[in-house]
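Chemist: Residue 949 is where the sequence shown starts when you use my numbering, and the numbers rise one by one after that. Just so it is clear, CB atoms sit at the ideal spot from N, CA and C, and this is done for glycine as well. On a predicted model such as this, the values are computed, not experimentally measured, just so you know. Submitted below is the structure of interest, expressed as structure tokens.
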Amino acid sequence: MSSLGFQYIFNSFYILVIDLGYLSKCLLIATCVGQSTHSQEYQSTSLLLGGQYEYILVEKRGENQDVGYIQLNRPKALNALCDGLMLELGKALDAFEADGTVGAIVLTGSDRAFAAGADIKEMQNRTFQECYAGNFLAHWNRVSTTRKPVIAAVNGFALGGGCELAMMCDIIFAGEKAQFGQPEILLGTIPGAGGTQRLTRAVGKSLAMEMVLTGDRITAQEAKQSGLVSKICPVDQLVSEAIKCGEKIAANSKIVSAMAKEAVNAAYELTLAEGNRLEKRLFHSTFATEDRKEGMTAFVEKRKANFKDQ
Ligand SMILES: *[C@@H]1O[C@H](CO)[C@@H](O)[C@H](O)[C@H]1NC(C)=O
């Protein structure tokens, strides 16, 4: 199918179903057809990026260029998460992790979609044996193993794998028109990249069950109310707000930020007593850093701290 043909079908499809309950399902199915535009997307983005990335845009932002910026960029497929995109995302995260000037990372999509789902075409004919033997989706958790703080800036749809991807980030900011959902049940399957676990921890059992069992989406306002996101911004200010947050984080000691992130994440894995013990050990560890000494000395001397990430 030509990309033009696809675009036409997709747009009319999109408009037709926009108010129906099974929008999410239609999107998930529709996005996979977007694969047919793959070669065209490749040509335009590879020219811009010297061929390094096909599905994402990567740059450094912020006044001091200390915020890593990754934009999912499969516009015609509403950023459906295909395997190639997830592998590129992993590579970009590796590069930012290794870059000593980067103190935080912002992950975003387009105004219309953060990511509308996984690429269903890639899954349609998979067997249980293939999924199990290949540990299907195992490498999709790369974002959650990133040691530097990651902020998701979500405009538009964050559905299925898109919602799971946002939840792997440390902080989620939502644009006013953002929508979150786990519609896998409508396709006869369940979330497979952490959706049942991270959503439940974020919003509580009743809302998580409702979303996972009905496939219904929630708005940015409901997401804020339930604790899934920490801030709502106007659509056109979302990314700059996320970058601003990233700059604040990047201005602190990177080594101490990593300890703070490790400690907060432990709250999801450990009992209260074990978590408090880990926190205490990490807190004590900050006293082994030069940045802790500089931070407290600057406070006492009433001046701004100058952290060296040491
Ligand atoms: C999956 O199998 C069906 C039936 O054999 C076939 O029509 C379809 O094209 C296949 N899908 C993909 C993505 O290969």
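Return the chain-ordered list of same chain residues with a C-beta closer than 6 Å to the C-beta of residue 1038, the five sequence neighbours on each side being excluded.
Modeler: Start at 1 with the first residue of the sequence shown, and residue 1038 comes out as number 90. Excluding residues within five positions, the ones whose Cβ falls inside 6 Å are 1090.
Chemist: Is any heavy atom in ligand 1 found nearer than 7 Å to the beta carbon of residue 1077?
Modeler: Looking up residue 1077 in the sequence shown gives position 129. No, since every heavy atom of ligand 1 falls outside the 7 Å radius drawn around the Cβ of residue 1077.
Chemist: Can you tell which of 1159, 1180, 1021 has the C-alpha that lies nearest to the C-alpha of residue 1169?
Modeler: Here residue 1169 is taken as the residue at index 221 of the sequence shown, counted from 1. With distances taken between Cα atoms, residue 1169 lies closest to 1180.
Chemist: Looking only at C-alpha atoms, which of 1138, 1173, 1172, 1086 sits nearest to residue 1157?
Modeler: As a first step, residue 1157 must be located in the sequence shown, where it is residue number 209. The option with the nearest alpha carbon to residue 1157 is 1138.
Chemist: Can you give the Cα-Cα distance for residue 1102 and residue 1026, rounded to whole angstroms?
Modeler: On the sequence shown, residue 1102 is found 154 positions in, with the first residue counted as 1. On the sequence shown, residue 1026 is found 78 positions in, with the first residue counted as 1. Cα to Cα, residue 1102 sits roughly 13 Å from residue 1026.
Chemist: First and last residue of the beta strand (DSSP E) that includes residue 1009?
Modeler: Residue numbering aside, residue 1009 sits at position 61 when the sequence shown is read from its first letter. Residue 1009 -> beta strand (DSSP E) spans 1004-1009.
Chemist: Does the stretch 1041-1050 come close enough to the stretch 1013-1023 that 3 or more CB-CB pairs lie under 8 Å?
Modeler: Judged by Cβ distances under 8 Å, the stretch 1013-1023 makes contact with the stretch 1041-1050, as three or more pairs qualify.
Chemist: Can you give, in chain order, each stretch of the alpha helix (DSSP H) that sits fully within the stretch 1075-1132 and has at least 4 residues?
Modeler: If we require 4 residues or more, the alpha helix (DSSP H) runs fully inside the stretch 1075-1132 come out as 1076-1081, 1109-1116.
Chemist: Roughly how many whole angstroms lie between the Cα atoms of residue 1034 and residue 1041?
Modeler: Working through the sequence shown from its first residue, we reach residue 1034 at position 86. Working through the sequence shown from its first residue, we reach residue 1041 at position 93. Going by the C-alpha atoms only, they are around 11 Å apart.
Chemist: I'd like the ranges of any beta strand (DSSP E) spanning at least 3 consecutive residues and lying wholly in the stretch 1013-1070.
Modeler: Correct list: 1015-1020, 1052-1056, 1061-1063.
Chemist: So is the beta-carbon of residue 1069 under 7 Å away from any non-hydrogen atom of ligand 1?
Modeler: To locate residue 1069, count along the sequence shown from 1; it is residue 121. Residue 1069 Cβ: within cutoff of ligand 1.
Chemist: Pick from 1146, 1028, 1133, 1125: whose alpha carbon is nearest that of residue 1215?
Modeler: Taking the sequence shown and counting its residues from 1, one reaches residue 1215 at position 267. Comparing Cα-Cα distances from residue 1215 to each of 1146, 1028, 1133, 1125, the minimum goes to 1146.
Chemist: Applying the 10 Å Cβ sphere with the 16-neighbour rule, what's the burial state of residue 1239?
Modeler: Taking the sequence shown and counting its residues from 1, one reaches residue 1239 at position 291. Classification of residue 1239: buried, given that the 10 Å Cβ count is 16 or more.
Chemist: Hey, which unbroken runs of the beta strand (DSSP E) at 3 residues or more fall wholly within the stretch 1170-1211?
Modeler: Fully enclosed beta strand (DSSP E) runs of 3 or longer: 1179-1181.
Chemist: Any heavy atom of ligand 3 closer than 7 Å to the Cβ of residue 1073?
Modeler: By its list of ligands, the structure shown excludes ligand 3, since it contains just ligand 1.
Chemist: In terms of DSSP beta bridges, what is residue 1162 paired with?
Modeler: As a first step, residue 1162 is located in the sequence shown; it is residue number 214 there, counting from the start. In DSSP, residue 1162 forms no bridge with anything.
Chemist: From the DSSP secondary-structure annotation, give me the bridge partner or partners of residue 1167.
Modeler: For the purposes of this step, residue 1167 is taken as the residue at position 219 of the sequence shown. According to DSSP, which records beta bridges pairwise, residue 1167 is partnered with 1127.
Chemist: Counting pairs of beta carbons, one from the stretch 1116-1133 and one from the stretch 1185-1192, are three or more of them closer than 8 Å?
Modeler: Cβ pair count under 8 Å is three or more, so yes.
Chemist: Let me check understanding here. Comparing Cα to Cα, which of 1111, 1079, 1096, 1100 lies closest to residue 1212?
Modeler: Indexing the sequence shown from 1 puts residue 1212 at position 264. Nearest option by C-alpha distance: 1096.
Chemist: Out of 1175, 1132, 1140, which has the shortest C-alpha to C-alpha gap to residue 1153?
Modeler: Along the sequence shown, one-based indexing puts residue 1153 at 205. Of the listed residues, the one whose Cα sits closest to residue 1153 is 1175.
Chemist: So residue 922 and residue 1143 are in contact, right, with Cβ under 8 Å, and what is the actual spacing, rounded?
Modeler: In this structure the chain extends from 949 to 1258, so residue 922 is not present and cannot be described.
Chemist: Could you work out which residue in 1031, 1149, 1234 is closest to residue 1068 when comparing CA atoms only?
Modeler: On the sequence shown, residue 1068 is found 120 positions in, with the first residue counted as 1. Among 1031, 1149, 1234, the Cα nearest to that of residue 1068 is on 1031.
Chemist: Anyone know if the C-beta pair for residue 1128 and residue 1099 falls short of 8 Å?
Modeler: Indexing the sequence shown from 1 puts residue 1128 at position 180. Indexing the sequence shown from 1 puts residue 1099 at position 151. Not a contact, by the Cβ cut-off of 8 Å.
Chemist: Are the CB atoms of residue 1108 and residue 1057 within a distance shorter than 8 Å?
Modeler: As a first step, residue 1057 must be located in the sequence shown, where it is residue number 109. As a first step, residue 1108 must be located in the sequence shown, where it is residue number 160. Contact: no.
Chemist: What is the rounded straight-line gap between the Cα of residue 1207 and the Cα of residue 1218?
Modeler: One-based indexing of the sequence shown puts residue 1207 at position 259. One-based indexing of the sequence shown puts residue 1218 at position 270. Approximately 16 Å, taken between the alpha carbons.
Chemist: Assuming residue 1229 is part of the alpha helix (DSSP H), what are its boundary residues?
Modeler: As a working note, residue 1229 is residue 281 in the sequence shown. That run of the alpha helix (DSSP H) goes 1220-1234.
Chemist: For residue 893, which three-state DSSP category applies?
Modeler: Given a span of 949 to 1258 for the chain in the structure shown, any question on residue 893 remains unanswerable.
Chemist: Report the residue from 1005, 1203, 1190 whose alpha carbon sits nearest the alpha carbon of residue 1233.
Modeler: Numbered from 1 along the sequence shown, position 285 holds the residue referred to as residue 1233. Of 1005, 1203, 1190, the residue nearest in Cα terms is 1203.
Chemist: Here's a check: name, in chain order, each residue in its chain whose Cβ is nearer than 6 Å to the Cβ of residue 1006, leaving out the five neighbours to either side.
Modeler: Mapped onto the sequence shown, residue 1006 falls at position 58. 1018, 1040, listed in sequence order.
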